[in-house]
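Enquirer: Numbering (this note's numbering) for the sequence shown: 8 to 140. Built from N, CA and C at the ideal position, the CB exists for glycine as well.
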Amino acid sequence: MSEAMNSQEKPTDSTWSVLVIDMFHYMDPEEGERLVTGFLTPEDAIEYARRRTRSSVEESRPGASDAAALRSAWFMFGEDCIALGNGYKGFSELDEFIAHPATPEQIDWASLEPDSKLRALLLEVDRIEKEAS
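Here it is as structure tokens:
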């Protein structure tokens with residue numbers, strides 16, 4: 008993780024941010040890190056980080072034969088999310104996420120996306136994917 012993205016930093020404006028770490032590309036900050044900005048409260052940032060991390064666990068669940076395989080798949084292909092400025096790290100709940108499959112609401116991070124245009128696009132993609140399956 009780059010120095011500028013220290014998990015204890017508070018955003019400089021009045022909003023909160025989440026650092027999304029793509030585990031597959033973690034060695035390349037250009038592709039492996041994305042900063043999502045614009046959360047109005049630290050609780051909003053934490054919930055987004057929690058849901059997005061949990062969603063990436065659920066994406067790996069179908070191909071995993073057991074908890075160890077799911078954990079390994081998440082470390083290779085998942086996303087870890089850190090709510091900057093308040094110390095929340097999705098990784099801290101990994102064992103809980105692995106042990107308890109999520110409900111649709113618990114993985115619905117797209118509805119919490121602070122950028123309204125991106126949120127609309129993500130929700131539309133989700134709707135289309137659901138219709139196709």
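If we count the other Cβ atoms within 10 Å of its Cβ and call it buried at 16 or more, is A56 buried or exposed?
Expert: Counting Cβ neighbours within 10 Å, A56 comes out buried, since at least 16 surround it.
Enquirer: Would you mind sorting G94 into buried or exposed? The rule is 16 or more other CB atoms within 10 Å of its CB.
Expert: The residue in question, G94, is exposed, as its Cβ has fewer than 16 Cβ neighbours within 10 Å.
Enquirer: Since I believe D87 is in contact with M30 (beta carbons under 8 Å), could you give me their beta-carbon distance rounded to a whole number of angstroms?
Expert: At roughly 6 Å, the Cβ-Cβ gap stays under 8 Å, so M30 and D87 are in contact.
Enquirer: I'd like the list of long-range same chain contacts for A90, defined as Cβ closer than 6 Å, with 5 residues on each side in sequence excluded.
Expert: Cβ within range, chain order: V25, A52, I53 and A56.
Enquirer: Using the rule of at least 16 other Cβ atoms within 10 Å of the residue's Cβ for burial, across every protein chain shown, is S72 buried or exposed?
Expert: Looking at its Cβ environment, which holds fewer than 16 other Cβ atoms inside 10 Å, S72 is exposed.
Enquirer: Which full runs of the beta strand (DSSP E) of 3+ residues lie inside the region 29 to 91, going along the chain?
Expert: List check, beta strand (DSSP E) in window: 40 to 46 and 86 to 90.
Enquirer: Taking the alpha helix (DSSP H) that F104 belongs to, which residues open and close that run?
Expert: Note, F104: alpha helix (DSSP H), L101 to A106.
Enquirer: Using 9 Å as the threshold, is the C-beta distance between T22 and G39 below it?
Expert: It is not a contact, given that the beta carbons lie outside the stated cut-off.
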